[in-house]
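Below is one structure, written out as structure tokens, with a few remarks after it.
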Amino acid sequence: MPSEGEPHILAEIAERHARIGREQLALLRAIGRLDPEAPWVREGARDLPHLLAMRLGVSEWKARRWVAAARRLPELPGVAEALASGALSLDKVVELTRFATPRDEAGLIRWARHVSVWAIRRRGDLLERAPVREDRRAQRDRRAEWWFLQEERRFGLLAHLPAAEGAALAAAIERWAERVPAVPDEDGELPDLAARRADALVAMAQASLAAEDRADRPTVVVHTRLEPSGGPTPGAELERGPVLHPETARRLSCDARVQVVLEDGHGNALRVSPVRRFPPEWMLRQLRYRDRGCVFPGCGTTAFTVAHHLRHWSRGGPTELDNLALLCSFHHRLVHEDGWRLRRDGDVFAWLRPDGRPYRPGPPPPAPAGPPRPAPADRPRPALAAAAQARCAPGPAP
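For what it's worth, the numbering used here labels the leading residue of the sequence shown as 79, then goes sequentially.
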């Protein structure tokens, strides 16, 4: 039986939820004032969702949904009011803005109040007729990430795939799930379907590892020539590839097997370096353990990372942990091709923009010291907005 005080607590929760909805609406409107087509690379990001994900500490999937919703809200005042009043949660609004129109938003709002977020998302999926460019974007944005939950002794896995490839993966997992023996637990209970799928995924990986040994990374053979004066030419050339800027060649050689061929002006080899691999596996393990992902402020990506030499080995930089930093492929390109600089300052990494100015991401807003106080309607409340976002942000796509 509910206690006598619980109705008051529920009323307080509802009131706070409505207050958070108003702040979330203000957040989306602020996002809507940013230009999604601006070259956000100057802030160290691929695009606006990438920037928001790093600055706000949310998933890129979530940030991308926020940007899309922010662009639709001006033409959907009813949906905006439903969010501000607490009638609809941010999760529902983000999904509803995918397909609602000014003509049908009133009816959709009434419907959305009584269904789950999944039902709204499903309706959007059925109504959307994605153009070809969306298929290309899905292919471009494909990724798989994993992480360890140390305290719970668990391993997490997240994948974003184009629909067709995802369906193929699901079919393979289902087929393996039928083959994997169902082992009862200590209470004699057989695993459910979700557990059998997890067992199937592990079995697929083990079968792949047993079938063939892990191949070494390919050797990057870089050809560079001397001018008659004895100085090197501005470019370098891969053995099976185009002419590269020297910085691009350095980026490719950061985490690979490398062989440098020094040639004269006629293409004759003057000197061939031994094949070297930088860094060795034991050092990579230590580096991944130390940095725990890309060291660009707010990034932390663990997929497709490379060991970057702060002072490149071709310039005398040692292959030692103190001279290495873990970078994702995007921020690795920023360093080598876009003029960003990275140095180590004690236990932290300092980033410099191409113009030499230090890169300092915006500090997080201060947390409120006590219960939120009423503020004038015409003045934003950044602390409450940040708290609302942190507590009520939508989760990742299933």
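We put the beta carbon where it would ideally sit given N, CA and C, even for glycine.
What three-state label does DSSP hand residue i in the structure shown?
i: Arg181; result: coil
i: Gly156; result: helix
i: Trp418; result: coil
i: Gly202; result: helix
i: Gly434; result: coil
i: Arg393; result: helix
i: Ile87; result: helix
Measuring CB to CB, does residue i end up less than 8 Å from residue j?
i: Thr380; j: Trp225; result: yes
i: Ala146; j: Met132; result: no
i: Ala96; j: Ser163; result: yes
i: Leu388; j: Gly394; result: no
i: Cys377; j: His410; result: no
i: Leu404; j: Gly371; result: yes
i: Glu183; j: Val157; result: yes
i: Asp416; j: Val193; result: no
i: Leu161; j: Gln102; result: yes
i: Leu399; j: Arg363; result: no
Using the Cα positions of residue i and residue j, report the straight-line distance between them to the nearest angstrom.
i: Ala246; j: Met282; result: 14 Å
i: Glu252; j: Leu271; result: 9 Å
i: Glu359; j: Asn401; result: 16 Å
i: Pro432; j: Arg438; result: 13 Å
i: Arg200; j: His386; result: 43 Å
i: Arg215; j: Glu267; result: 43 Å
i: Thr179; j: Arg366; result: 47 Å
i: Glu233; j: Ala222; result: The question names Glu, but residue 233 in the sequence shown is Phe. Phe233 and Ala222: Cα-Cα distance of roughly 13 Å.
i: Ala293; j: Gly135; result: Model confidence at Ala293 stands at a pLDDT of 44, short of 50, so the residue's coordinates are unreliable; what they give is reported in the following sentence. One C-alpha to the other measures close to 36 Å.
i: Gln217; j: Glu93; result: 43 Å
i: Leu204; j: Val195; result: 14 Å
i: Ala249; j: Pro117; result: 40 Å
i: Glu90; j: Arg181; result: 34 Å
i: Leu430; j: Gly424; result: 16 Å
i: His390; j: Met361; result: 16 Å
Got a sec? Which residues, its chain only, sit under 7 Å from residue i by beta carbon, not counting five neighbours each side?
i: Ala190; result: Leu166, Lys170, Leu174, Ile198
i: Arg220; result: His238, Leu239, Pro240
i: Val373; result: Ala403, Leu404, Leu405, Phe427
Only counting the same chain, and skipping five residues up and downstream in sequence, which positions put a Cβ closer than 6 Å to that of residue i?
i: Ala36; result: Residue 36 lies beyond the residue range present for the chain, which begins at 79 and ends at 476; the question has no answer from this structure.
i: Ala141; result: Pro127, Leu130, Ala131
i: Arg143; result: Val172
Cβ of residue i within 7 Å of any heavy atom in the ligand NAP?
i: Arg275; result: Absence of the ligand NAP is noted for the structure shown, with no ligands found whatsoever.
Given residue i, which residues of its chain have a CB within under 8 Å of its CB, disregarding the five upstream and five downstream residues?
i: Leu235; result: Ala222, Glu223, Trp224, Leu279
i: Pro478; result: Limits of the chain in this structure are 79 at one end and 476 at the other, which puts residue 478 out of reach.
Cβ pair count under 8 Å reaching 3, the stretch 109-118 against the stretch 174-194: No: fewer than three Cβ pairs fall under 8 Å.
- request: Could you tell me whether the stretch 247-260 touches the stretch 273-280, where touching means 3 or more Cβ pairs closer than 8 Å?
  value: Yes: at least three Cβ pairs fall under 8 Å.
- prompt: Are the stretch 147-157 and the stretch 84-95 touching by the rule of at least three beta carbon pairs closer than 8 Å?
  reply: Counting Cβ pairs under 8 Å, fewer than three are found: no touch.
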